[in-house]
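Asks: In terms of this note's numbering, the sequence shown opens at residue 91 and continues consecutively. Submitted below is the structure of interest, expressed as structure tokens.
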Amino acid sequence: RLDPSPNARARAMAPSTPVWAAYLVVLAPVLAWLAGHYRTTGPPKAKAKPVVPVELLPNLTDHYSVTEAQLESFRRNGWVSVPGLLSPEEASAWRPHVDGALKRLWAPSQGKDTAFRRVDNVWRSNATFARLSLSPRIAGVAGELLGCKGSVRLYKDTIFFKNPGHVASPWHQDHISTPFDGRDRIANCWVALSSVTSGMGTLTFAEGSHQEILPIEGREELGRALAKFGGRGGVERLRPGDATCHEGWTLHSAEPNQGDRPRKAMAFLYACEGAWVASREELEGRSRDDLTVWKSWYETGALRHGQPVRTPLCPRALPPSEEWRLAATLPRLLHWDIEE
Numbered sequence: 091r092l093d094p095s096p097n098a099r100a101r102a103m104a105p106s107t108p109v110w111a112a113y114l115v116v117l118a119p120v121l122a123w124l125a126g127h128y129r130t131t132g133p134p135k136a137k138a139k140p141v142v143p144v145e146l147l148p149n150l151t152d153h154y155s156v157t158e159a160q161l162e163s164f165r166r167n168g169w170v171s172v173p174g175l176l177s178p179e180e181a182s183a184w185r186p187h188v189d190g191a192l193k194r195l196w197a198p199s200q201g202k203d204t205a206f207r208r209v210d211n212v213w214r215s216n217a218t219f220a221r222l223s224l225s226p227r228i229a230g231v232a233g234e235l236l237g238c239k240g241s242v243r244l245y246k247d248t249i250f251f252k253n254p255g256h257v258a259s260p261w262h263q264d265h266i267s268t269p270f271d272g273r274d275r276i277a278n279c280w281v282a283l284s285s286v287t288s289g290m291g292t293l294t295f296a297e298g299s300h301q302e303i304l305p306i307e308g309r310e311e312l313g314r315a316l317a318k319f320g321g322r323g324g325v326e327r328l329r330p331g332d333a334t335c336h337e338g339w340t341l342h343s344a345e346p347n348q349g350d351r352p353r354k355a356m357a358f359l360y361a362c363e364g365a366w367v368a369s370r371e372e373l374e375g376r377s378r379d380d381l382t383v384w385k386s387w388y389e390t391g392a393l394r395h396g397q398p399v400r401t402p403l404c405p406r407a408l409p410p411s412e413e414w415r416l417a418a419t420l421p422r423l424l425h426w427d428i429e430e
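Put into structure tokens, the structure is as follows:
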């Protein structure tokens, strides 16, 4: 039976409330809470990959085949690209251990820029890193590039973390910071531990500048050298494990890190067996940037001017040797105040 009243007719003509609107009323408080929680905590973080146990870290004992083209590039230009020196998986396995070593060993010095973090001689503080820095694969590449006839020795390893916002690294030569005779060649293999792209602090090389075999000091002298060796080389994109190797006298620099994450890398500097310590006069004119590395040579009586380097503080990496284990046992015979 129909209801003829006006109210009934109005109810019949009014649209019914949609089902989704009813759900929205119920869900509105829940959605508001989730939005506030997201603003406070940020997006869900990706689950961290498990750290590879020390005993399962890659040993890098196999051989990396250096091509004739790479050898020629190193001889001619003073640097060479070495893609895949470590695989991305190997670099990923080692990276958390490098992160941990930097946290343990790096201490900010008053007045120094904390956006650039560097630690030398990690192998001396941690036997795990001796496996990496003295590995036959990396040392073998350096030995081939240098043309070593016999053994290859490790001068030092270095962790380099360049955080976002850090400025450009100036043009410099590595050899001028070492105690090696200027006529002996050394090679520095710089390995990316994370992806590095242009704008994050990639290295730039003044091609051919290693041919001078002398320290380039002062702004005017540097300007002349950069003008003389005007060719520039470098790799704009490196995957984890990719490397560049350069000769000790090669002028090189690094751009600022304008990215949003740290540029993570390690460098390994090698010399051939038989490389000599510089003369006293030559060493007095050297940079003291590496003094923390080689002052221990002096203190243990191993810094013998004009004689071949033979000390566990510069251990044999190839052929593989346990010589590095003796570094911690050497007695201190002399004292050198690092502030002098």
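Yeah, the Cβ is synthetic: ideal placement off N, Cα and C, and Gly gets one too.
Which stretch, first to last residue, makes up the beta strand (DSSP E) that contains residue 336?
Replies: Residues 333 to 337.
Asks: As an exercise, report each continuous beta strand (DSSP E) stretch of at least 3 residues that is fully enclosed by the region 219 to 260, in chain order.
Replies: Within the region 219 to 260, the complete beta strand (DSSP E) runs of at least 3 residues are 242 to 252.
Asks: Hey, how far is the Cα of residue 315 from the Cα of residue 375?
Replies: Using only the alpha carbons, I get a separation of about 19 Å.
Asks: Please work out which residues of its chain come closer than 8 Å, Cβ to Cβ, to residue 304, disregarding the five sequence neighbours upstream and downstream, and give them in chain order.
Replies: The answer, listed in chain order, is 272, 339.
Asks: Entirely within the region 343 to 409 and at least 3 residues each: give me those beta strand (DSSP E) ranges in chain order.
Replies: Listed in chain order, the complete beta strand (DSSP E) runs (minimum 3 residues) inside the region 343 to 409 are 353 to 362, 406 to 408.
Asks: In whole angstroms, what separates the C-alpha of residue 235 from that of residue 172?
Replies: Between residue 235 and residue 172, the C-alpha separation is close to 11 Å.
Asks: Going by Cα to Cα distance, which pick from 156, 170, 417, 246 is closest to residue 380?
Replies: For residue 380, the nearest C-alpha among the options comes from 246.
Asks: Looking at the structure shown, is residue 266 part of a helix, part of a strand, or coil, going by DSSP?
Replies: Note: residue 266 maps to helix in three-state DSSP.
Asks: Report all residues from its chain with a CB closer than 7 Å to the CB of residue 410; omit the five preceding and five following residues, and keep chain order.
Replies: Closer than 7 Å at the Cβ level, and outside the excluded window around residue 410, lie 226.
Asks: Tell me which residues share the same chain as residue 328 and place their Cβ nearer than 6 Å to its Cβ, disregarding the 5 neighbours each side in the sequence.
Replies: Closer than 6 Å at the Cβ level, and outside the excluded window around residue 328, lie 282, 286.
Asks: Starting from residue 309, trace the beta strand (DSSP E) in both directions and tell me its first and last residue.
Replies: That residue, residue 309, is in no beta strand (DSSP E); its alpha helix (DSSP H) goes 309 to 318.
Asks: Smallest Cα separation from residue 299: which of 352, 293, 337?
Replies: Of the candidates 352, 293, 337, the one whose C-alpha sits nearest the C-alpha of residue 299 is 337.
Asks: Per DSSP, residue 274 forms a beta bridge with which residues?
Replies: The partner list for residue 274 (beta bridge, DSSP) is empty, contrary to what the question assumes.
Asks: From 258, 263, 288, 228, pick the residue whose C-alpha is nearest to that of residue 153; which is it?
Replies: Nearest C-alpha to residue 153: 228.
Asks: Distance check for residue 177 and residue 417, CA to CA, integer angstroms please.
Replies: Their backbone Cα atoms lie some 30 Å apart in a straight line.
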